[in-house]
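Residue numbers 1110 to 1359, in this note's numbering, belong to the letters of the sequence shown in order. Where a beta carbon is used, it is the ideal one built from N, C-alpha and C, also for glycine. Taking it in order: structure first as structure tokens, then the write-up.
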Amino acid sequence: MVSPYFGRPVDEWSAITHQLVQSHPLTRDLILEAATLSWTRLWNTWVGDAIVGFPIAEIDPPATVIGYMFEKLFAKELAKRLPGAWRGGIGSEKDLHCLQDQALSVEMKASGQLGYKIFGNRSYGQVLENADAAKKDKSGYYITVNFYGQTLTLLRFGWIDASDWQAQKSATGQMAGLPSEVYEHKLLPIFGPYMLEGSVLLLEGVGARAAGELSAAGVKTIGNLIRATNLPIKYQRLQVTACERYQDLY
1110 MVSPYFGRPV
1120 DEWSAITHQL
1130 VQSHPLTRDL
1140 ILEAATLSWT
1150 RLWNTWVGDA
1160 IVGFPIAEID
1170 PPATVIGYMF
1180 EKLFAKELAK
1190 RLPGAWRGGI
1200 GSEKDLHCLQ
1210 DQALSVEMKA
1220 SGQLGYKIFG
1230 NRSYGQVLEN
1240 ADAAKKDKSG
1250 YYITVNFYGQ
1260 TLTLLRFGWI
1270 DASDWQAQKS
1280 ATGQMAGLPS
1290 EVYEHKLLPI
1300 FGPYMLEGSV
1310 LLLEGVGARA
1320 AGELSAAGVK
1330 TIGNLIRATN
1340 LPIKYQRLQV
1350 TACERYQDLY
């Protein structure tokens, strides 16, 4: 697959991404609705039966398990909303398989670490010698999902090329990451009220000490910060910045 960004300077990437997203049949509003509903369903999941069972939240599953379950629930919701057009991927297909045009299929990538970065397996950043080992085309449309604990913190939609992934330099490193220009120009944030539930630690300049002081004042989330009154002077500028960034969400 030839990248739509091939041979184009970085300062043109944002325009290319907007064009790709606007022409895709999955709108950002649809993705937001399906994602928030699937996230709620995930944490309402019951494991076992009425005799021996428990809510999934009780066992604090690893982030990889949560990401996998979310992907499956999202694919099911998409297939229900758009029957005959979309279904969950099988085998080497993308996670969200478009039945009408395979080129529009979408890969999902989730990260449960605190922050807004996305990581892939180390193989994402390596050139595979055996083409058969590459089960999926790692270039194409992506929905990226950031979460922390039981909180969905950021959804993005855009395009990632296989060449964008950078493997850890250490030979024993297990992850591949993305450079800043990909986050800035190739992935579009999907804004929604869910973002206000994110920890204040997600805000630039907030460390553990500041988070502790804010928590003591009853401010744990971005939404808490925006709605807070009588904040210490040193945190009022942070509040103004948050209000400006999320002004359309409250």
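**Q.** Simplified DSSP state of residue 1168, which is helix, strand or coil
**A.** helix
Q | Residue(s) in a DSSP beta bridge with residue 1276 | A | 1285
Q: Return the chain-ordered list of same chain residues with a C-beta closer than 8 Å to the C-beta of residue 1249, the five sequence neighbours on each side being excluded.
A: 1110, 1203, 1212, 1214, 1215, 1216, 1268 and 1269
Q | Sub-8 Å separation of residue 1328 and residue 1337 beta-carbons | A | Contact flag set, yes.
Q: Express the C-alpha separation of residue 1319 and residue 1343 in angstroms, rounding to a whole number.
A: 10 Å
Q) Would you say the stretch 1140 to 1150 touches the stretch 1179 to 1187, given that touching needs at least three Cβ pairs under 8 Å? A) Output reads yes: the stretch 1179 to 1187 touches the stretch 1140 to 1150.
(Q) Can you list, in chain order, the residues of its chain with a C-beta nearer than 7 Å to that of residue 1295? Leave out the 5 residues immediately preceding and following it. (A) Non-local beta-carbon contacts of residue 1295 in its own chain, meaning distances under 7 Å to residues more than five positions away in sequence, involve 1122, 1126, 1267, 1268 and 1269 in chain order.
Q: For residue 1116, count neighbouring Cβ atoms within 10 angstroms of its own Cβ and tell me buried if that reaches 16, exposed if not.
A: exposed
**Q.** Residues bridged to residue 1336 [DSSP beta-bridge criterion]
**A.** Answer is none; residue 1336 lacks a bridge partner.
Q) For residue 1225 versus residue 1311, is the C-beta spacing smaller than 8 Å? A) yes
Q. Pick from 1301, 1169, 1153 and 1195: whose alpha carbon is nearest that of residue 1137?
A. 1301
**Q.** Sub-8 Å separation of residue 1227 and residue 1264 beta-carbons
**A.** No, they are not a contact pair.
(Q) Run through the DSSP bridge pairs and tell me what residue 1207 is partnered with. (A) 1195
Q) Which value, in whole angstroms, describes the spacing of the CA atoms of residue 1245 and residue 1197? A) 14 Å
Q | Where residue 1124 falls, given that 16 or more other Cβ within 10 Å makes a residue buried | A | exposed
Q: Using alpha carbons as the reference points, say which of 1317, 1260 and 1220 lies closest to residue 1287.
A: 1220
Q | Distance between residue 1206 and residue 1173 (C-alpha atoms, nearest Å) | A | C-alpha separation (whole angstroms): 21 Å.
**Q.** Residues near residue 1143 by beta carbon distance below 8 Å, same chain, minus five either side
**A.** 1183, 1186, 1187 and 1190
Q) Roughly how many angstroms lie between the CA atoms of residue 1195 and residue 1255, to the nearest whole one? A) Taken atom to atom, the span from the alpha-carbon of residue 1195 to that of residue 1255 is near 23 Å.
Q) Just curious, the beta strand (DSSP E) that residue 1215 is in, first and last residue? A) 1215 to 1220
Q: Determine the direct distance from the alpha carbon of residue 1166 to that of residue 1281, and round the result to whole angstroms.
A: Annotation note: pLDDT 49 at residue 1281 (below 50); position unreliable, no value reported.
(Q) Could you give the first and the last residue of the continuous beta strand (DSSP E) run that contains residue 1267? (A) 1260 to 1269
Q) Alpha carbon to alpha carbon, what distance is there between residue 1163 and residue 1239? A) Low confidence applies to residue 1239: its pLDDT is 42, below 50, so where it sits in the model is not reliable, and the reading given next is rough at best. Taking the straight line joining both Cα atoms gives about 44 Å.
Q. Does DSSP classify residue 1330 as helix, strand or coil?
A. strand
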